[in-house]
Amino acid sequence: MTQAPVLTRDEVQNLLEKEFPQTFGENPTFVIEHVGPLSCRLRSVYDARQIRPGGTLSGPTVMALADAAIYVAILAAIGPQTLAVTTNLSCNFLRKPEPRDLLADCRLLKLGKRLAVGEVSVFSEGTTELVAHATGTYSIPPR
1 MTQAPVLTRD EVQNLLEKEF PQTFGENPTF VIEHVGPLSC RLRSVYDARQ
51 IRPGGTLSGP TVMALADAAI YVAILAAIGP QTLAVTTNLS CNFLRKPEPR
101 DLLADCRLLK LGKRLAVGEV SVFSEGTTEL VAHATGTYSI PPR
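Mapping of the sequence shown onto UniProt numbering: position 67 corresponds to residue 67, and the numbering continues sequentially without gaps.
Below, the structure is given as structure tokens:
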């Protein structure tokens, strides 16, 4: 059985604009493109400050996107539990990300009462080849 999101894309976006205005507010770092059953798609808006030597996007940029995507998928699935926190994040960097927007497709593999586990596929906009694959675990506070 597929679990429908508790919050819509707009509801999650509004919540994050309020809680994290520096990241989701005006001139956002991340934009939620879609939320679905135990899933989401998040965009990292390109900024030249994300470039590392060699002309590629930095690893921290990719990892921040993956982490945020899992967080968005969790919030969409359980509602406004903004105190959920990352307990583990592992990322495999597969190829150089191009200096443009990144897209993260996240799906939650497990959503329990206290823990959520997600996986994220990261792509450069306009390509289908993975630039990174991440898995992460979040601790969910008691409701």
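Yeah, the Cβ is synthetic: ideal placement off N, Cα and C, and Gly gets one too.
- Cβ atoms of residue 105 and residue 117 stay farther apart than 8 Å, at about 16 Å.
- Note on geometry: alpha-carbon atoms of residue 36 and residue 23 lie some 22 Å from one another.
- Under the three-state reduction of DSSP output, residue 31 falls in the strand class.
- Here residue 97 is buried, its C-beta having at least 16 other C-beta atoms within 10 Å.
- Judged by DSSP secondary structure, residue 10 falls outside any beta strand (DSSP E) and instead within the alpha helix (DSSP H) spanning 9 to 19.
- Annotation: residue 114 to residue 15 spans about 21 Å, alpha carbon to alpha carbon.
- Under the DSSP assignment, residue 64 falls outside any beta strand (DSSP E), being part of the alpha helix (DSSP H) whose first and last residues are 59 to 78.
- Judged by DSSP secondary structure, residue 111 falls within the beta strand (DSSP E) whose first and last residues are 102 to 111.
- Measuring C-alpha to C-alpha distances from residue 139 to each of 13, 51, 4 and 83 identifies 83 as the nearest.
- DSSP, reduced to helix, strand and coil, places residue 116 within a strand of the structure shown.
- The three-state secondary structure of residue 48, taken from DSSP, is helix.
- Of the residues assessed, residue 55 falls on the exposed side of the cut-off, its CB having fewer than 16 other CB atoms within 10 angstroms.
- Residue environment analysis places residue 4 among the exposed positions, since fewer than 16 neighbouring C-beta atoms fall within 10 angstroms of its C-beta.
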